[in-house]
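Asks: As they're listed, the protein sequences go chains A and B.
Quick note on the numbering used here: the first sequence kicks off at 1 and runs consecutively.
Quick note on the numbering used here: the second sequence kicks off at 234 and runs consecutively.
We put the beta carbon where it would ideally sit given N, CA and C, even for glycine.
Please read these numbers as outputs of a predicted model, since none were measured by experiment.
One structure follows; several queries about it will come next.
Protein chains: 2
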Amino acid sequence: MNRTALQQCSYGVYIISAQGSGKLNGQIANTVCQVTSDPATVSVCINKQNLTHELISGSRAFSVSILAEETPMQFIGRFGFKSGRDTDKFEGISYRMGPSKSPIVLDHATSYMDCELAGSMDAGTHTIFLGRVVDAEVVGDGRPMTYEHYHNVKGGKSPKTAPTYAGAGGDDTTEKKGETMASYKCNICGYVYDPAEGDPDTGIGAGTAFEDLPYSWVCPTCGAAITEFEKMA
Amino acid sequence: MNRTALQQCSYGVYIISAQGSGKLNGQIANTVCQVTSDPATVSVCINKQNLTHELISGSRAFSVSILAEETPMQFIGRFGFKSGRDTDKFEGISYRMGPSKSPIVLDHATSYMDCELAGSMDAGTHTIFLGRVVDAEVVGDGRPMTYEHYHNVKGGKSPKTAPTYAGAGGDDTTEKKGETMASYKCNICGYVYDPAEGDPDTGIGAGTAFEDLPYSWVCPTCGAAITEFEKMA
Chain A
1 MNRTALQQCS YGVYIISAQG SGKLNGQIAN TVCQVTSDPA TVSVCINKQN
51 LTHELISGSR AFSVSILAEE TPMQFIGRFG FKSGRDTDKF EGISYRMGPS
101 KSPIVLDHAT SYMDCELAGS MDAGTHTIFL GRVVDAEVVG DGRPMTYEHY
151 HNVKGGKSPK TAPTYAGAGG DDTTEKKGET MASYKCNICG YVYDPAEGDP
201 DTGIGAGTAF EDLPYSWVCP TCGAAITEFE KMA
Chain B
234 MNRTALQQCS YGVYIISAQG SGKLNGQIAN TVCQVTSDPA TVSVCINKQN
284 LTHELISGSR AFSVSILAEE TPMQFIGRFG FKSGRDTDKF EGISYRMGPS
334 KSPIVLDHAT SYMDCELAGS MDAGTHTIFL GRVVDAEVVG DGRPMTYEHY
384 HNVKGGKSPK TAPTYAGAGG DDTTEKKGET MASYKCNICG YVYDPAEGDP
434 DTGIGAGTAF EDLPYSWVCP TCGAAITEFE KMA
């Protein structure tokens, strides 16, 4: 079996949000599908370990925010590489509460769908949740981000809990190495700081050694502190 | 509710194939998702009216062929806008039988996955089938076609049985009209012949009136005969 075949499926990039016991949470997902047209239903695939799974099961509702291509990597990292058990992901961001009583992330969204749970299917490590769309709006004019854009244009990675996680090294095939300076890898998300490229988004020029980065610099993918990085062999 | 929001989800374009009682069949689908990584599983959403639904349910297996961007519209039309109950869709095309005993379409595919049925969920007009991937291979070097590419670059339409069918007129917002000559619409798939554009793929130049098309001309989207076209108001 050649798993590269599975990586050729096309997806978008979404934030799935839900609430419970006064807690709001959201996570990145790529596996959102419309299932029926009348009534409008959508499915989403969520890892059983995730807090969002617990909140969707409990509240029997969730929302889907479709992210725009221009969404900063750190915003995706906040929702995709951290657990809502350790951090309040909704602090300081724009959202509204939908008719399903789920929070709906508005920052960097092109559209959203608010859903009441209509069914679920056990799929081993993940559950497929089916939601009946009770509200949907267009809230931005950007282009929806595709998963391919996230990986190939923005250099994004998949966490180990993703349905499409490709295994160790599977996401790292396009990395380049600085000729003399070492690359450093983020222990949280797998992002590699390559001194030959720097981090132009935060003003770090090409050719900047990892050792010369300001101490306040954080992983552009997941927001982890510089102390989470490890030198690559 | 603004249904445009739902149209901003991102998908690929796939042929889902299955067999039963000596009959091979396949259909176009856009709603394929990887569900788990270990073991590798994928889901696909199929209309209950479709022959493929009957064959997957009976054989408890299916295959997914990921189509390349260069796939001709008539090939998509053959699998997407005709029923296997009326025609043998596998006649004259390249395929192989997978370990799940499902036929796998190879023409215009970049990759395929062969799956044994691992579960299913009733979703009203459609069923979500969950398949355990028993074989997967890369078979072409083209780029996987996205559903957006199918609609916006190739001018494709959605049949009424698709999960993402947008209703009357919902797919037709980008059509242009010839200045003096009438446009004609295919009654089978909704494709509009616009004389201002002609049908360059079959050598019909821009500015060719519908009435001047050769009688052997067929709908470039679904392959319907010229007699299936109706003049637009």
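State buried or exposed for residue 7 of chain A, treating a residue as buried only when at least 16 other CB atoms are found within 10 Å of its CB.
Replies: With 16 or more Cβ atoms within 10 Å of its Cβ, residue 7 of chain A is classed as buried.
Asks: State the Cα-Cα distance for the pair residue 57 of chain A and residue 30 of chain A, rounded to the nearest angstrom.
Replies: Straight-line Cα distance between these residues: approximately 19 Å.
Asks: Pick helix, strand or coil for residue 235 of chain B, following the three-state DSSP scheme.
Replies: Three-state DSSP puts residue 235 of chain B in coil, outside helix and strand.
Asks: So what's residue 372 of chain B in DSSP terms, helix, strand or just coil?
Replies: Coil.
Asks: Return the bridge partner residues of residue 109 of chain A from the DSSP annotation.
Replies: According to DSSP, residue 109 of chain A bridges with A:67.
Asks: With burial defined as no fewer than 16 other Cβ atoms inside 10 Å of the residue's Cβ, what is the status of residue 251 of chain B: buried or exposed?
Replies: Burial call: buried.
Asks: So what does DSSP say about residue 214 of chain A, is it helix, strand or coil?
Replies: Residue state, collapsed to three classes: coil.
Asks: Which partner residues of residue 418 of chain B appear in the DSSP bridge assignment?
Replies: DSSP lists B:425, B:463 as partners of residue 418 of chain B.
Asks: Would you tell me roughly how many angstroms separate the C-alpha atoms of residue 103 of chain A and residue 385 of chain B, rounded to the nearest one?
Replies: Spanning the two alpha carbons is a distance of roughly 32 Å.
Asks: Starting from residue 78 of chain A and walking both ways along the beta strand (DSSP E), at which residues does that stretch end?
Replies: Where residue 78 of chain A is concerned, there is no enclosing beta strand (DSSP E), although the alpha helix (DSSP H) it sits in stretches over 73-80.
Asks: In angstroms, rounded to a whole number, what distance separates the CA positions of residue 428 of chain B and residue 334 of chain B?
Replies: Straight-line Cα distance between these residues: approximately 46 Å.
Asks: Please classify residue 364 of chain B: does DSSP put it in a helix, a strand, or coil?
Replies: Three-state DSSP puts residue 364 of chain B in a strand.
Asks: For residue 372 of chain B, which of B:295, B:341, B:395, B:357 has the nearest alpha-carbon?
Replies: Nearest of B:295, B:341, B:395, B:357 to residue 372 of chain B, Cα basis: B:341.
Asks: Name, in chain order, the residues that DSSP records as bridge partners for residue 12 of chain A.
Replies: DSSP, once it has assigned bridges, lists A:146 as partnering residue 12 of chain A.
Asks: How close, in whole Å, do the beta carbons of residue 364 of chain B and residue 381 of chain B come, if the pair is a contact with beta carbons under 8 Å?
Replies: Between residue 381 of chain B and residue 364 of chain B the Cβ distance is about 25 Å, and since that is not below 8 Å, they are no contact.
Asks: Just to confirm the assignment, what range does the alpha helix (DSSP H) spanning residue 52 of chain A have?
Replies: Residues 51-59.
Asks: Which residues in chain B have a C-beta closer than 9 Å to the C-beta of residue 144 of chain A? List them in chain order.
Replies: What residue 144 of chain A touches in chain B: 241, 242, 243, 381.
Asks: Helix, strand or coil for residue 200 of chain A, going by three-state DSSP, please let me know.
Replies: Residue state, collapsed to three classes: helix.
Asks: According to the Cβ coordinates, are residue 42 of chain A and residue 49 of chain A closer than 9 Å?
Replies: No, they are not a contact pair.
Asks: Going by C-alpha distance, which of A:189, A:81, A:52 is nearest residue 128 of chain A?
Replies: Comparing Cα positions, the closest option is A:52.
Asks: Is the closest heavy atom of the ligand SAM to the C-beta of residue 232 of chain A under 8 Å?
Replies: Annotation note on the ligand SAM: not contained in the displayed structure, which lists no ligands.
Asks: Skipping 5 residues on each side, what residues in its chain have a beta carbon closer than 8 Å to that of residue 327 of chain B?
Replies: Counting only Cβ-Cβ distances below 8 Å, and skipping sequence neighbours, we find 338, 339, 340.
Asks: What does the Cβ neighbour count give for residue 40 of chain A, buried or exposed, with the cut at 16 atoms within 10 Å?
Replies: Looking at its Cβ environment, which holds 16 or more other Cβ atoms inside 10 Å, residue 40 of chain A is buried.
Asks: Is DSSP giving residue 385 of chain B helix, strand or coil here?
Replies: Note: residue 385 of chain B maps to helix in three-state DSSP.
Asks: Between the Cα of residue 36 of chain A and those of B:287, B:332, B:399, B:304, spot the shortest distance and give me the residue it belongs to.
Replies: When each option's Cα is compared against that of residue 36 of chain A, the closest is B:399.
Asks: The beta strand (DSSP E) spanning residue 43 of chain A covers which residue range?
Replies: Start and end: 41-47.
Asks: Considering only C-alpha positions, which residue in the set B:453, B:318, B:439 is nearest to residue 306 of chain B?
Replies: Selected option, being the one with the closest Cα: B:453.
Asks: Would you tell me roughly how many angstroms separate the C-alpha atoms of residue 204 of chain A and residue 217 of chain A, rounded to the nearest one?
Replies: Each residue's Cα considered, the two are about 9 Å apart.
Asks: Under 8 Å Cβ-Cβ, which residues of chain B neighbour residue 3 of chain A?
Replies: The answer, in chain order, is 273, 369.
Asks: Taking 9 Å as the CB-CB limit, is residue 359 of chain B close to chain A?
Replies: Chain A contact via Cβ: present.
Asks: Tell me which residues of the segment 94-123 of chain A have at least one Cβ-Cβ distance to chain B shorter than 7 Å, keeping chain order.
Replies: Correct list: 110, 111, 112, 113, 119, 121, 123.
Asks: Just to confirm, are residue 466 of chain B and residue 443 of chain B a CB contact at a threshold of 9 Å?
Replies: Cβ distance not < 9 Å, so residue 466 of chain B and residue 443 of chain B don't count as in contact.
Asks: How about residue 409 of chain B: is its C-beta nearer than 9 Å to some C-beta of chain A?
Replies: For residue 409 of chain B, the predicted structure reports a pLDDT of 38, less than 50, and the residue's modelled location is therefore unreliable. A value from the coordinates is still provided. Closer than 9 Å: no.
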